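Novice:
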Amino acid sequence: MLEKTSCCKKTLTESLDCVVDRDFETRQVPFLQELVRVPSDNPPGDCAPHALFSAGKLRDLGFDVECHPVPRDFVERHGMQSATNLIIRERFGDGKGPVIALNAHGDVVPPGDGWIHDPYGGVIEDGKLYGRGAAVSKSDFATYAFALRALKEAVSDLSGTVELHLTYDEEIGGHVGPGWLLAEGLSKPDHVISAGFTYDVMIAHNGSLQLDVAFTGKAAHSAWPETGADAIEAASRVMSALYAYRDGLVKTVCSIPGIDTPTLVIGTIEGGVAANVVPEHAKFRLERRILPDEKAADVEAELRQIILDAMDVPGVQCVVTQHLLALPLVPDAGQAPLIAALQAAAEAVFGERIAVKGMPLFTDARIYSNAGYPTVLYGAGPRRLQDANGHRANEHVVLEDMRRATKVIANALARLLRPEAM
1 MLEKTSCCKK TLTESLDCVV DRDFETRQVP FLQELVRVPS DNPPGDCAPH
51 ALFSAGKLRD LGFDVECHPV PRDFVERHGM QSATNLIIRE RFGDGKGPVI
101 ALNAHGDVVP PGDGWIHDPY GGVIEDGKLY GRGAAVSKSD FATYAFALRA
151 LKEAVSDLSG TVELHLTYDE EIGGHVGPGW LLAEGLSKPD HVISAGFTYD
201 VMIAHNGSLQ LDVAFTGKAA HSAWPETGAD AIEAASRVMS ALYAYRDGLV
251 KTVCSIPGID TPTLVIGTIE GGVAANVVPE HAKFRLERRI LPDEKAADVE
301 AELRQIILDA MDVPGVQCVV TQHLLALPLV PDAGQAPLIA ALQAAAEAVF
351 GERIAVKGMP LFTDARIYSN AGYPTVLYGA GPRRLQDANG HRANEHVVLE
401 DMRRATKVIA NALARLLRPE AM
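In C-alpha cells:
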C-alpha cells in the first residue's frame, strides 16, 4: 500500500521532492541494497531468480508486477541460462496521454577482484553504496520505482501510462530483454527513458561490432617447423595490422559532444596445444565501437579487408564471423519532448540545466530507438561516467545522485503526462 503524504507544499515540484525525501533513506536505499545483495552475474546469465526476487520487492511497494519468462531455448541461443523480464504499468487518468517506458537492466558483469567491500554487500560508506550493479543499473530499478511511487501519491489529473521495463540481458546485447519484449508486442511506448546518469541527458551512444577471427594451419613438430603452417604467426600478423589501424582511429572524431573517437580492442585470444608443436589453430575476438556518425556495414567491410590483406602465412586459412552487432543510438527529432522535460525537471530540482550529449558505451536504449520509439538515457549516476567504476572493482552509486535523479524522473514524468502542471 502507498502511504499518503503529509507533504502539503506550494508547488508540484516541492510535493514530489517531499515524497522522495520521505522514503529515500528508510525505503529506497534499503531496496537497492537488497537488489545488490542478490547476484545476477551475466555471464553465466542465470538471472530469473533475481527477477523473481525483484518482483516480490516491487509488489511490497504496492505495484502490480507482470513477470514474463523468456523461453529457455531462446535464452540459451543468446548465451544465458534463464531470464524473466518484468513490466509494471501504471495508468493515470483516462489513459489517453502518452505511454512512457522506463527501462533498466538487472543483469551485471561478474565482480572480479580488488574490491574494498563485498561486491554483494551493499555497504554504505561516505555517502556511497558499493556493490556490483549499484551503478549499472540496479540503482535505476530504485530510481524509476520510487519516482513512480512519488508520482502516484503526489500528483493528480495526469493522463497516460508509465511502464517500468526491468530486463536482464543488457550485458550481452539486449535481445533477451527489450528486444524480446518488443518482438512479443508486450509494449508499444510513445517515449522511452533508459538507464543513465544524473547530470546529463544522453541522446546518442556508440554501437559495437564484435568479430571472431579464426585461423587454421597445419601442426608439425617444432624441430621441423617448416613442415607445418603456423596459425599463431598468421594471427599475430593480422593483430599487428589491426593495432596499426586502431592507432589511426584518433583521426576520426564524432560530431556529438561526449563521444570522441572509435576504439578497437582485441579482447580474447587463444591457440596452440604445446610449446613444441607448431600451432594448427588460433583465434581471437575483437570489438570495434561504432560512432553514431558511422555505418556499421562500412566498418565491418573495412575490418574484413584489413584482415584479408594481412593474411600472408602460406598454408593458413582464416574465417571471420560476426559475433555481435549492436547499432548505435542516433539522435532524432522525436527525442525533443523527453529532453525538454528532463532539462526543465533538473533545473527545478537542483537548479542546473543539464547538458545534452552522447556517450561511448552501448546500451539497450538503441533497441527501443531502432524499433521506432524515441529514446534518451537518464538515471542515477555521476558527472563523469568513469567515476562510478562500472564494470570495475568498487562500483558504487553516490546516494545523493540517486536522490536527485529520482526527483528529476518524477518531475519529468509529471511534465510529460500533464505539461501544464509545472
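Numbering (the UniProt record's numbering), first residue to last: 1 to 422.
Glycine included, each C-beta is placed from N, C-alpha and C at the ideal position.
Remember, predicted model here, so these are calculated numbers, not experimental data.
Are the beta-carbon atoms belonging to residue 265 and residue 318 less than 9 Å from one another?
Specialist: No; because the gap between Cβ atoms is not below 9 Å, this pair is not in contact.
Novice: Under the DSSP definition of a beta bridge, which residues are partnered with residue 130?
Specialist: In the DSSP output, where bridge partners are listed per residue, residue 130 has 396.
Novice: Whose C-alpha, out of 379, 312, 347 and 99, is nearest the C-alpha of residue 195?
Specialist: Answer by Cα proximity: 379.
Novice: Nearest to residue 427 by CA position, among 67, 62 and 418, is which residue?
Specialist: Beyond the ends of the chain as shown, which are 1 and 422, falls residue 427; an answer cannot be given.
Novice: Measure the alpha-carbon distance for residue 106 versus residue 88 and round it to whole angstroms.
Specialist: One C-alpha to the other measures close to 15 Å.
Novice: Quick check on this structure: which residue in 181, 241, 395 and 274 has the alpha carbon closest to the alpha carbon of residue 221?
Specialist: With distances taken between Cα atoms, residue 221 lies closest to 274.
Novice: Can you list the beta strand (DSSP E) stretches of 3 or more residues lying completely in the stretch 107-155, in chain order?
Specialist: Runs found: 128-130.
Novice: Distance check for residue 63 and residue 350, CA to CA, integer angstroms please.
Specialist: Cα to Cα, the separation comes out at about 28 Å.
Novice: Kindly indicate which three-state DSSP category residue 10 falls into: helix, strand or coil?
Specialist: It is coil, neither helix nor strand.
Novice: Where do the N-terminal and C-terminal ends of the alpha helix (DSSP H) with residue 50 fall, by residue?
Specialist: Its alpha helix (DSSP H) spans residues 48-60.
Novice: In whole angstroms, what is the alpha-carbon distance linking residue 31 and residue 19?
Specialist: Each residue's Cα considered, the two are about 16 Å apart.
Novice: How big is the Cα-Cα spacing for residue 290 and residue 375?
Specialist: Roughly 19 Å separates the two Cα atoms.
Novice: Look up residue 157 in the DSSP assignment and say whether it is helix, strand or coil.
Specialist: It is coil, neither helix nor strand.
Novice: Quick one, which of 51, 326 and 189 has its alpha-carbon nearest residue 96's?
Specialist: Closest by alpha carbon: 189.
Novice: Could you check what DSSP says for residue 92 in three-state terms: helix, strand or coil?
Specialist: Three-state DSSP puts residue 92 in a strand.
Novice: State the DSSP-derived secondary structure class of residue 359, mapped to helix, strand or coil.
Specialist: Note: residue 359 maps to strand in three-state DSSP.
Novice: Taking 8 Å as the threshold, find out whether the stretch 104-120 comes into contact with the stretch 34-45 through three or more Cβ pairs.
Specialist: Counting Cβ pairs under 8 Å, three or more are found: they touch.
Novice: Name the one or two DSSP bridge partners that residue 191 has.
Specialist: BP columns for residue 191 point to 100.
Novice: Put residue 172 into one of helix, strand or coil per three-state DSSP.
Specialist: Here residue 172 sits in helix by DSSP.
Novice: Sort 116, 143, 113 and 352 by Cα distance to residue 25 and report the nearest one.
Specialist: Among 116, 143, 113 and 352, the Cα nearest to that of residue 25 is on 143.
Novice: To the nearest angstrom, how far is the alpha carbon of residue 172 from that of residue 10?
Specialist: Cα to Cα, the separation comes out at about 46 Å.
Novice: In this structure, does DSSP put residue 285 in helix, strand or coil?
Specialist: Note: residue 285 maps to strand in three-state DSSP.
Novice: Since residue 115 contacts residue 393 with CB under 8 Å, what's their CB separation in whole angstroms?
Specialist: Between residue 393 and residue 115 the Cβ distance is about 5 Å, and since that is below 8 Å, they are a contact.
Novice: Which term fits residue 268, buried or exposed, when burial requires 16 or more other beta carbons within 10 angstroms of its beta carbon?
Specialist: Burial call: exposed.
Novice: Hey, could you find the ends of the alpha helix (DSSP H) residue 329 is sitting in?
Specialist: Where residue 329 is concerned, there is no enclosing alpha helix (DSSP H), given that its DSSP letter is neither H nor E.
Novice: Output the distance between the C-alpha atoms of residue 416 and residue 343, rounded to the nearest integer angstrom.
Specialist: Their backbone Cα atoms lie some 12 Å apart in a straight line.
Novice: Taking its Cβ as the centre, do 16 or more other Cβ atoms sit within 10 Å of residue 363, making it buried, or is it exposed?
Specialist: So residue 363 counts as buried.
Novice: Specify, as a first and last residue, the run of the beta strand (DSSP E) that residue 444 falls within.
Specialist: Lying before the first or after the last residue shown, residue 444 is absent from the chain, which here runs from 1 to 422.
Novice: Taking just the CA atoms, how far does residue 79 sit from residue 252?
Specialist: In a straight line, the C-alpha of residue 252 is about 33 Å away from that of residue 79.
Novice: Starting from residue 347, follow the alpha helix (DSSP H) in both directions and report where the run begins and ends.
Specialist: 336-350 is the span of the alpha helix (DSSP H), which, as asked, contains residue 347.
Novice: In chain order, what residues of the same chain lie with their CB nearer than 6 Å to the CB of residue 28, ignoring the 5 residues before and after it?
Specialist: Cβ within range, chain order: 142 and 146.
Novice: Please list the terminal residues of the continuous alpha helix (DSSP H) segment that includes residue 32.
Specialist: Residue 32 -> alpha helix (DSSP H) spans 29-37.
Novice: Would you call residue 180 buried or exposed, if buried means 16 or more other Cβ atoms sit within 10 Å of its Cβ?
Specialist: Burial call: buried.
Novice: Check for me: the alpha helix (DSSP H) holding residue 248 runs from which residue to which?
Specialist: First-last of the alpha helix (DSSP H) with residue 248: 231-248.
Novice: Go ahead and label residue 276 buried or exposed: buried means 16 or more other beta carbons lie within 10 angstroms of its beta carbon, across all protein chains shown.
Specialist: That one is exposed.
Novice: Any idea what DSSP makes of residue 252, helix, strand or coil?
Specialist: Coil.
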